[in-house]
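Numbering (the numbering used here), first residue to last: 4 to 336. Read through the structure below, which is laid out as C-alpha cells, and then see the notes.
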C-alpha cells in the first residue's frame, strides 16, 4: 500500500470510484447470465455488464483497477440485476479482505445517492460522496431552499491555478439535511461546486454531492475535489480499456458459461499490472517514454514476440531498450 499513500485525501481516505460498463452484446448469442433489453420494435438484445471499481485521486492520473462485480441475474430474484445491487454486493464482500485498516470513500453518480445504498455504505464502514441532482431528490432540495432562505447554507470561495489560467471555485454546503421524505430519513451533508474562469467569469463546471463527511470551510474543498475525481473512472479507466489497446468494447467471445467474464477479468488484471509496472519498473517506464502510446507499445510487443523468442519479460524489455541484446528466433512450426 506504500504507493497508495500519495492517493489518500480527506484525513487518510482512499477514493474508490464505482461505475458500470457493458462488455458483451449480441442479438443472438446468449446465456442464463445475460441481461436483456427489448426495443420498441420487440427486438431483444442480450448483454453483459460489470461494475468496475477503481482507486482514483484528484492529484494523480493513474487509476488502480479493483475486482469487478458482475451484473447478472441473481438466484431467487425475478427482476434483472442492476448496478446498485452489484455495488451493494461488492461493498459487502470486499471491504474486509481488500481494505483492512484503510479508510475508504466511495464515489458514484446520481444512481448511488439513494438511502438504501448510502446506509449500506455506512453499515460496512465505507464513507461516500455521491452526485445528488435536484431532479432526483426533490425533498432534499426543498429543505435546502428553505434553509438557505433562513441563512443556514454556508459558502466559501477559492482561487486556484489549473496550469493554464486561474479559476474561482465557489462552494455552498450544509450539514445534516434529510435525504428523503419517507421516515426514517438519513441525514446527509450536501455541497455544491461551481467553477468559473477568473478572466471572463465563464462557468466551467457545476455539480453537487451528498456525503457523510462533516463539512467545514476546509473539508468542503477536498470533498468537491474528490467528487470531481469520479470522472477518472470514465476517462482513465473505461476510455483506456476501450480505446488504447485493451479493446474492451470488442466482443472477444461469449462461450457456453463464463468466457466473457473471464476475458474481462484478464483484461482488468493486465491493465492493473501495467499501471503498477509504470510505477515500480524502471525498464517499463523507459520503454513507455521511448515507444509512445500504450497501443503502440502493445503492437511492438506483438510484432517482436511473433517472430522472436525471449527468455523473460526483462529480456524482452532489455532488447527493446538495446538492440545489441542477444536473442533466439522462435520456432514457428
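C-beta atoms are modelled at their ideal positions from N, C-alpha and C, and glycine is treated no differently.
Looking at C-alpha atoms only, which residue of 68, 92, 49 is the closest neighbour of residue 270? 68
For residue 176, the three-state DSSP class (helix, strand or coil) | Residue 176 falls in the strand class under three-state DSSP.
- Message: So residue 177 and residue 150 are supposed to be a Cβ contact under 8 Å. How far apart are they, rounded?
- Response: 6 Å
Proximal residues to residue 335 (C-beta, below 6 Å), its chain only, five neighbours per side dropped | Model confidence at residue 335 stands at a pLDDT of 43, short of 50, so the residue's coordinates are unreliable; what they give is reported in the following sentence. Closer than 6 Å at Cβ, skipping near neighbours: no residue.
(message) When you compare the segment 5-20 with the segment 29-45, are there three or more beta-carbon pairs, one atom per stretch, that lie closer than 8 Å?
(response) no
Taking the runs of the beta strand (DSSP E) that are 3 residues or longer, which of them lie wholly in the segment 5-85? Runs found: 16-20, 23-29, 38-41, 47-54, 57-60, 63-68, 72-74.
Whole angstroms are fine: how far does the CA of residue 227 sit from the CA of residue 197? 10 Å
- prompt: Between the C-alpha atoms of residue 321 and residue 286, what's the straight-line distance to the nearest angstrom?
  reply: 7 Å
query = In chain order, what residues of the same chain have a beta carbon less than 6 Å from the beta carbon of residue 83, not counting five sequence neighbours either side?
reply = 38
(request) Can you grab the Cα-Cα spacing for the pair residue 194 / residue 121, in whole Å? (result) Cα to Cα, the separation comes out at about 16 Å.
Output the residue ranges of the alpha helix (DSSP H) runs that lie fully inside the segment 83-170 and measure 4 residues or longer, sorted by chain position.
-> Entirely contained in the segment 83-170, the alpha helix (DSSP H) runs reaching 4 residues are, in chain order, 86-101, 118-126, 141-152.
Q) Do you know offhand how far residue 59's Cα is from residue 106's? A) Those two C-alpha atoms are separated by around 14 Å.
Residue(s) in a DSSP beta bridge with residue 209:
197
Can you say whether residue 86 is buried or exposed, counting buried as having 16 or more other CB atoms within 10 angstroms of its CB? buried
- Query: Closer than 7 Å: is that where the CB of residue 262 sits relative to any heavy atom of the ligand MG?
  - Reply: Absence of the ligand MG is noted for the structure shown, with no ligands found whatsoever.
Cutting at 6 Å between CB atoms, please list the residues of its own chain near residue 115, excluding the five before and the five after it. So the list reads 133, once near-sequence residues are dropped.
*asked:* Given a cut-off of 8 Å on the beta-carbon distance, is the pair residue 308 and residue 65 in contact?
replied: At least 8 Å separates the beta-carbon of residue 308 from that of residue 65.
Run of the alpha helix (DSSP H) containing residue 234, from where it starts to where it stops
Segment: none, residue 234 is in no alpha helix (DSSP H) and carries neither H nor E.
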